[in-house]
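The structure appears right after this line, and notes come after that.
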Amino acid sequence: MGKSQRHGRLPLTNPSIATPFRLRLRLHYKAARVGGVMRIHREGTLIIEIRKAEKADVPAILDLVRGKAEFDGCLNSLQSTEADIEEAFFSEQPKAFALLAMKSGEAVGIATYYSIYCTFIAKPGIWLDDLFVYPQFRGSGVGEALLSELCILAQNTGCGRIDWIVATDNDRGRSFYERSGARIFEEVRRARLDECAINALAEKAHNKAMHPTSG
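Be aware that the sequence shown starts at 1064, since it is given in my numbering, and climbs by one per residue.
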């Protein structure tokens, strides 16, 4: 991680290189950490704030998760409710955490994550479950700010890596992650036991334990 990331500042594009108007706007971004919160400025005006999610953010979190499900083309798979989100993120023993990107008091982006442990390197890590920014705010540094803040959190807690998945057809996402320094593993495939498969395999093991076959 570069010096600029360690101190919560986003790297600026070289101003001597001619760039399209949308990219030129990035030259005016400045980021600073104030009271543990990352704040991104453009031309001296506060536009985006990155902070940890709070219980009052539950509806906004669910809206962003719904947006991510829709973006992934699996909206029909979304089962989470506000009660589920509150229990998962804000109970006495939370199962996951979230960073929010805020603009004028409204959540426009999210990074949800939880702790993992990496036996190969003998260090804890972070699993980035969802990284999502509403379409109208993409390309303006919001995703980069969320990922940078997650790196600061990982650094402060002694994590050795951050892992996540990216769809093979998400070319824009893959490019963004690679620009951020991520390595994308092409030689591995995702595997999953869904709830139905878990129950079936557990039941099979239970039946074998209850009715062992004779030698």
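A virtual CB, placed ideally from N, CA and C, is assigned to each residue, including glycine.
Mind reading off the beta-carbon distance from A1264 to I1225? Whole number of angstroms is fine, and I expect it under 8 Å. Looking at the sequence shown, residue 1264 is not Ala but Leu. Between L1264 and I1225 the beta-carbon gap is near 30 Å, outside 8 Å, which marks them as no contact.
Compare the Cα-Cα distances from E1212 to each of Q1156, Y1240, A1164, S1143 and report the closest residue. Of Q1156, Y1240, A1164, S1143, the residue nearest in Cα terms is A1164.
Across which residues does DSSP place L1191 in a beta bridge pair? Note: L1191 sits in a beta bridge opposite Y1176.
CB-CB length for G1188 against Y1177, believed under 8 Å: Not quite, the Cβ-Cβ distance comes to about 10 Å (not below 8 Å), so this is no contact.
Counting along the chain, where does the beta strand (DSSP E) carrying A1161 start and finish? Secondary structure note for A1161: its beta strand (DSSP E) is the uninterrupted segment 1160 to 1166.
Does DSSP classify I1113 as helix, strand or coil? Residue state, collapsed to three classes: strand.
Could you spell out where the beta strand (DSSP E) holding I1225 opens and where it closes? Taken as a continuous stretch (DSSP letters only), the beta strand (DSSP E) holding I1225 covers 1224 to 1226.
What is the C-beta distance between A1170 and D1120, in whole angstroms, given that I count them as a contact (C-beta under 8 Å)? The C-beta distance from A1170 to D1120 rounds to 6 Å, short enough to meet the 8 Å contact threshold.
May I ask you to list the residues that DSSP assigns as paired with C1181? DSSP lists K1186 as partners of C1181.
In this structure, does DSSP put A1254 in helix, strand or coil? Looking at A1254 - three-state DSSP - the assignment turns out to be coil, as it is neither helix nor strand.
Selected residue, minimal CA-CA separation from A1174, among A1260, L1138, L1209: The residue with the shortest Cα to Cα distance from A1174 is L1209.
Since L1162 contacts E1145 with CB under 8 Å, what's their CB separation in whole angstroms? Distance from L1162 to E1145 at the Cβ level is roughly 19 Å; contact not present, criterion being Cβ atoms closer than 8 Å.
To the nearest angstrom, how far is the alpha carbon of D1234 from that of E1241? Looking at the two C-alpha atoms, the distance is approximately 11 Å.
Where A1230 sits in the DSSP three-state scheme: In the structure shown, A1230 adopts coil according to DSSP, grouped into three states.
In angstroms, rounded to a whole number, what distance separates the CA positions of R1089 and E1112? Caution applies to R1089, whose pLDDT of 37 falls short of 50 and renders its modelled position unreliable; the value that the coordinates give is listed next. Between R1089 and E1112, the C-alpha separation is close to 16 Å.
Does the Cβ-Cβ distance between G1172 and G1136 come in under 8 Å? No, Cβ-Cβ distance for G1172 and G1136 is not below 8 Å.
Report the rounded CA-to-CA distance for A1132 versus P1275, giving the unit in angstroms. When rounded, the distance between both Cα atoms is 43 Å.
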